[in-house]
Each structure stands twice: as structure tokens, then as C-alpha cells.
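Peer 1: To convert, count from 1 in the sequence shown and add 7; that's this note's numbering. Would you mind keeping the following structure in view while I ask a few things?
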Amino acid sequence: MRDKKIGIPILLVVLTNVFVLIGVSSNRSGPPDAHLVLTERELSLSKIDDENSGMFLNINWDLPVFNLYNARHTETEYLDQEKLDEFGWDCPLEIRDTHHPCYHYRSSVKAYIVLEFGGEPWEKWLESQKKELESKQRALEKAENKNSRRTLEEDMERIRNIPTVKSRLFAVDFSPDPLKLRARYPDPSRFIILPGLIRMYYNLLKKEPVNKDNRGYRLRASINDILINKIYVPDEFHEFFETQVKAMPSPFTSYGFVLHKITPDTRPRFQATVNFGKRYEPWIESVALFQ
8 MRDKKIGIPI
18 LLVVLTNVFV
28 LIGVSSNRSG
38 PPDAHLVLTE
48 RELSLSKIDD
58 ENSGMFLNIN
68 WDLPVFNLYN
78 ARHTETEYLD
88 QEKLDEFGWD
98 CPLEIRDTHH
108 PCYHYRSSVK
118 AYIVLEFGGE
128 PWEKWLESQK
138 KELESKQRAL
148 EKAENKNSRR
158 TLEEDMERIR
168 NIPTVKSRLF
178 AVDFSPDPLK
188 LRARYPDPSR
198 FIILPGLIRM
208 YYNLLKKEPV
218 NKDNRGYRLR
228 ASINDILINK
238 IYVPDEFHEF
248 FETQVKAMPS
258 PFTSYGFVLH
268 KITPDTRPRF
278 QATVNFGKRY
288 EPWIESVALF
298 Q
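Dropping the structure here:
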């Protein structure tokens, strides 16, 4: 009887490992859904402690809206009727006040998120940084206080340096159907599809009043989370990160970078070739020092 009690947990472990291996095999069968070479800008090395010998790369992403002191915004653009129909959301795009039953809807729903590498979102982000730099320059020319000038100069230096460390992955679309997204974004070397959570909510309209009595509310969505946000580092690559990558000083952290440590010479330490399989799960094909 005792042998049976001991054997059951062992059997459960074996079965769990079998199912994991089946899932991995299924994910990697056939050509990958996406195949990209990403750097430490997009893949930050997680911390490793004595209790956990596992090593992971965190996937860093953003929306095209970016602020110097608020590295990630999760709000998307306002929703349209086509997007509502995709999810089967039975709510109007606009409501007059907070008494509408849809206003209090806050549940998250499963969706697939498209991350674009570089491209138009990255160019728009660079343009926004250029405008921000010009705005800081105008403020600097008018500043009379010594402390204000120093703060503005520091901000300008950071804005100039950020493009060398900022992730170039931007969330550009979402849908309940990953196949539709892949048809819409067919380039596997530019677009990644990952499972995530979306929450819709109503945002106060300040400039587009619904009627003369109140300003109304417009439906929009936020990305609550991307569910697969880490990539496991196989044992065969541990030595590379432990002996080569960690030996190099860097402002990069587990989840991005430290602003005040960035210099004009800052560069990523490594790059990795990453595949995303049929189940939209990533794995590392190869790693190398950044070139």
C-alpha cells in the first residue's frame, strides 16, 4: 500500500513531463510561425538566484505612445465596430453617461496580440522623441533657474540616448483569432503573435461631446497582459550568458534599462535568434554577442 502511495506522485511527474514534451514537439513541428533576430533591447536577461537555477529572457514590448518616465502604456486606440464584432462585445461605441450597464464592464478576455518589430511604429516613436527633444530645447532656451536648466539638459541627454536601448517591439493589433491576424500580418520576420488579455473600458471624451449636456464616453481597450512574456534559456546557452554577457557592464535590467546609466556608447550585449511555434510559444535557436 505504501509503495502505491509513493508511486502515484512519481507517475504524475512522469505524465506531466510526457505532456510537456508532447506540447513542445507540437509547437516546434513544421516551419515556425515567426522567426526573428532580437537583441537585449527586446530580450532582457532575468535575474538568477541560488534557489532557482532556471534562466529566462523577458520579452520587452511597448505601444507607440512612450514617455521618458513611464516606459509602457497599455492603452490602445479607440475601438471600432469591426473590432467589437470580432469579440462579440454587445456594447455601443459611445455612451452618454456612467449609468449605462456597459460602463461597469471590467472583465479581461483572452486575445492574441500582434507585436511588430521595427517598421512604422518604431519610426513614429523616433519622430515623437525628436519632437520631445525640440520641446525640451525650447524650454531650455527660456529657463532662467539653474536647477531647471540642469534638469532639462539631463532629460535631453537621456532622450538622445534612449533609441540605442529602447525595445523595437510594439503592440499594433489584437484579435480572438490568431489565424486572421497572421493573414493580416503575413511577414514572419517582422510580426510576432502571442496570447494575451484584453480589457475594454469607456474613456471620457473631452473634445468630442456626445450632446450639449455632457461630454460622453468612448469605448477603448487596454492590453492587460501578454501571457507568454518569458523565453526559457536552454542549458546549452547558460555558459554564454554567465561568462560572456555578465562580464560586460550594462544599464540593462531584468525588465528594461536604467535611465541614468545610459551613455552615447551604450549598446546591447547580446542577440538571439528566436522562433515562435504553432502554439505561439517561443524558443531560442542561437545566441551571440551583439554585432
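The beta carbon of each residue, even a glycine, is placed where N, CA and C say it ideally should be.
Use the C-beta contact count for LEU133: other C-beta atoms within 10 angstroms, 16 or more gives buried, fewer gives exposed.
Peer 2: LEU133 is exposed by the Cβ-count criterion.
Peer 1: I'd like the span of the beta strand (DSSP E) that includes GLU49, first residue to last.
Peer 2: It is not in any beta strand (DSSP E) - GLU49 carries neither H nor E in the DSSP assignment.
Peer 1: On the three-state DSSP scale, how would you describe ILE102?
Peer 2: The answer is strand: DSSP assigns ILE102 an E or B state.
Peer 1: According to DSSP, what are the bridge partners of PHE181?
Peer 2: Answer is ILE120.
Peer 1: Using a 10 Å radius around the Cβ and a threshold of 16 neighbouring Cβ atoms, would you call SER261 buried or exposed?
Peer 2: Exposed is the call here.
Peer 1: Is the stretch 44 to 55 close to the stretch 146 to 165, with three or more CB pairs under 8 Å?
Peer 2: Too few Cβ pairs lie closer than 8 Å, so no.
Peer 1: I'd like to know whether the C-beta atoms of PHE124 and LEU176 end up nearer to each other than 8 Å.
Peer 2: Cβ distance < 8 Å, so PHE124 and LEU176 count as in contact.
Peer 1: Would the stretch 61 to 70 and the stretch 163 to 177 be scored as touching if the rule is three or more Cβ pairs under 8 Å?
Peer 2: Enough Cβ pairs lie closer than 8 Å, so yes.
Peer 1: Just to confirm my understanding: we take LEU140, look at its own chain, exclude 5 residues before and 5 after, and list those with CB closer than 8 Å. What are they?
Peer 2: These residues qualify, in order along the chain: MET163, ILE166, ARG167.
Peer 1: Drop a sphere of 10 angstroms on the beta-carbon of LEU296, count the other beta-carbons inside from all chains shown, and report buried for 16 or more, exposed for fewer.
Peer 2: LEU296 comes out exposed.
Peer 1: Can you tell me where the beta strand (DSSP E) with GLU93 in it begins and where it stops?
Peer 2: Not the beta strand (DSSP E): GLU93 falls in the alpha helix (DSSP H), residues 88 to 94.
Peer 1: Buried or exposed for GLU243, please, with buried defined as at least 16 other CB atoms from any protein chain shown within 10 angstroms of its CB.
Peer 2: Its Cβ having fewer than 16 others within 10 Å, GLU243 is exposed.
Peer 1: Suppose contacts are defined by Cβ-Cβ distances below 8 Å. Is PHE248 in contact with LEU50 by that definition?
Peer 2: Result no, Cβ atoms of PHE248 and LEU50 do not sit closer than 8 Å.
Peer 1: Express the C-alpha separation of LEU159 and LEU188 in angstroms, rounding to a whole number.
Peer 2: Cα to Cα, LEU188 sits roughly 42 Å from LEU159.
Peer 1: Would a C-beta distance cut-off of 8 Å place ASN34 and GLY284 closer than the cut-off?
Peer 2: Contact flag set, yes.
Peer 1: Can you find the residues in the same chain that come closer than 7 Å, C-beta to C-beta, to GLY299, ignoring five residues on each side of it along the sequence?
Peer 2: Given that the chain is displayed from residue 8 to residue 298, the structure contains no residue 299 and the question cannot be resolved.
Peer 1: Determine the closest residue to TYR209 out of SER114, HIS42, ILE120, ALA118, with distance taken between C-alpha atoms.
Peer 2: The shortest Cα separation from TYR209 among SER114, HIS42, ILE120, ALA118 belongs to SER114.
Peer 1: Would you please state the rounded distance, in angstroms, between the beta carbons of LEU204 and ASP232? I believe it to be under 8 Å.
Peer 2: Yes, they are in contact, since the Cβ atoms of LEU204 and ASP232 sit about 5 Å apart, within 8 Å.
Peer 1: Could you check what DSSP says for LEU147 in three-state terms: helix, strand or coil?
Peer 2: The answer is helix: DSSP assigns LEU147 an H, G or I state.
Peer 1: Closest to PRO108 by C-alpha separation, out of ALA118, TYR119, TRP96, would be which residue?
Peer 2: Checked all of ALA118, TYR119, TRP96; the closest Cα to PRO108 is TRP96.
Peer 1: Could you spell out the range, first to last residue, of the beta strand (DSSP E) harbouring THR280?
Peer 2: That run of the beta strand (DSSP E) goes 277 to 283.
Peer 1: On the DSSP bridge assignment, give the partners of ASN67 in chain order.
Peer 2: Answer by DSSP bridge pairing: none, since ASN67 is not bridged.
Peer 1: Nearest to ALA228 by CA position, among LEU86, VAL172, PRO193, LYS138, is which residue?
Peer 2: Among LEU86, VAL172, PRO193, LYS138, the Cα nearest to that of ALA228 belongs to LEU86.
Peer 1: Within this structure, are the beta carbons of ILE291 and VAL172 separated by less than 8 Å?
Peer 2: No, the pair does not count as a contact, with Cβ atoms beyond the cut-off.
Peer 1: How long is the line joining the alpha carbons of SER182 and ALA118, rounded to whole angstroms?
Peer 2: SER182 and ALA118: Cα-Cα distance of roughly 5 Å.
Peer 1: Compute the Euclidean distance between the alpha carbons of MET62 and GLU288, then round it to the nearest angstrom.
Peer 2: Going by the C-alpha atoms only, they are around 16 Å apart.
Peer 1: With a threshold of 8 Å on Cβ separation, who are the neighbours of GLN278 within its own chain once the five nearest residues in sequence on each side are excluded?
Peer 2: Once the five neighbours on either side are set aside, the close Cβ partners of GLN278 are VAL44, LEU45, THR46, GLU47, VAL294, ALA295, LEU296, PHE297, GLN298.
Peer 1: Taking the alpha-carbon positions, what's the GLU161 to PRO170 distance?
Peer 2: Each residue's alpha carbon lies about 15 Å from the other.
Peer 1: Distance, Cα to Cα, ILE238 vs VAL281?
Peer 2: Distance between the alpha carbons of ILE238 and VAL281 is about 9 Å.
Peer 1: Taking the beta strand (DSSP E) that LEU226 falls in, what are its first and last residues?
Peer 2: Residues 224 to 233.
Peer 1: Of all the options VAL121, LEU234, LYS131, PRO258, which has the alpha carbon lying nearest to the alpha carbon of ASP40?
Peer 2: Residue VAL121 is the option with its Cα nearest to ASP40.
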